[in-house]
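Worksheet for the structure shown next.
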């Protein structure tokens, strides 16, 4: 009798193990099918959401450019005007008054350059880093040109003599730095 029970228990145990294996295989198949379905849905919707996100980003950039374009144009205009205003050909003629000494002219010119620069310094937000560096370099070179020209003269020399020295130094250059800076600003305009 015990052998029969043992065989009976063994049969039950074997049957029980077969049911578990079969059950686990069924669960595995369902999980695998579910994972494949989730992956398939993910890839289908991922493409859709990526396209939607790209369209939204493009629309955002278009709206941003629409708002920024007038500001960029205004900045380019102001920087072009700044370059023209600090050009010694315009600056010295604008500031000169009869009877002015070279030292007085130097003071007024440097004050005017500083004021113009401070007035336009925020425009760098709308220019490329390279373009702003050129604008700043032109400003610094103009200050150096005026200061070095004054150093060649006696402080009580007339402003007309200072102007002559500055103009002579500008003429000795291969290329006019103010024209080059204006060309860079124009290239910024063409990139818009």
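In full-length UniProt numbering, the protein residues as written are 1 to 192.
Each residue gets a CB set at the ideal place from its N, CA and C atoms; glycine is no exception.
Straight-line Cα distance separating residue j from residue i
i: residue 187; j: residue 71; result: 16 Å
i: residue 170; j: residue 54; result: 52 Å
i: residue 105; j: residue 66; result: 44 Å
i: residue 142; j: residue 99; result: 23 Å
i: residue 50; j: residue 120; result: 41 Å
i: residue 31; j: residue 21; result: 15 Å
i: residue 76; j: residue 180; result: 15 Å
i: residue 146; j: residue 124; result: 24 Å
i: residue 97; j: residue 91; result: 12 Å
i: residue 13; j: residue 26; result: With a pLDDT of only 49 at residue 13, under the threshold of 50, the placement of this residue in the model should not be trusted; the figure read from the coordinates follows. Going by the C-alpha atoms only, they are around 20 Å apart.
i: residue 39; j: residue 69; result: 44 Å
i: residue 35; j: residue 44; result: 14 Å
i: residue 261; j: residue 183; result: Since the first and last residues shown for the chain are 1 and 192, residue 261 lies out of range.
Residue of the options minimising C-alpha distance to residue i
i: residue 139; options: 152, 111 and 41; result: 111
i: residue 168; options: 47, 101, 102 and 88; result: 88
i: residue 191; options: 36, 144, 73 and 42; result: 73
i: residue 93; options: 128, 109 and 35; result: 109
Any C-beta of chain B under 8 Å from that of residue i
i: residue 139; result: Although the question refers to chain B, the structure presented lacks it and comprises just one protein chain.
Integer Cβ distance of residue i from residue j, believed to fall under 8 Å
i: residue 86; j: residue 185; result: At roughly 13 Å, the Cβ-Cβ gap does not stay under 8 Å, so residue 86 and residue 185 are not in contact.
i: residue 103; j: residue 150; result: 7 Å
### Validate contact between the segment 124-134 and the segment 50-66 using beta carbons, cut 8 Å, 3 pairs
In short, these stretches do not touch, since the Cβ pair count stays below three.
### Query
Do the segment 150-168 and the segment 59-77 make contact, defined as three or more Cβ pairs closer than 8 Å?
Taking 8 Å as the limit for Cβ pairs, the verdict is that the segment 59-77 does not touch the segment 150-168.
### Query
Unbroken beta strand (DSSP E) runs of length 3 or more, entirely within the segment 26-103: which are they?
Listed in chain order, nothing qualifies, since the segment 26-103 has no complete beta strand (DSSP E) run of 3 or more residues.
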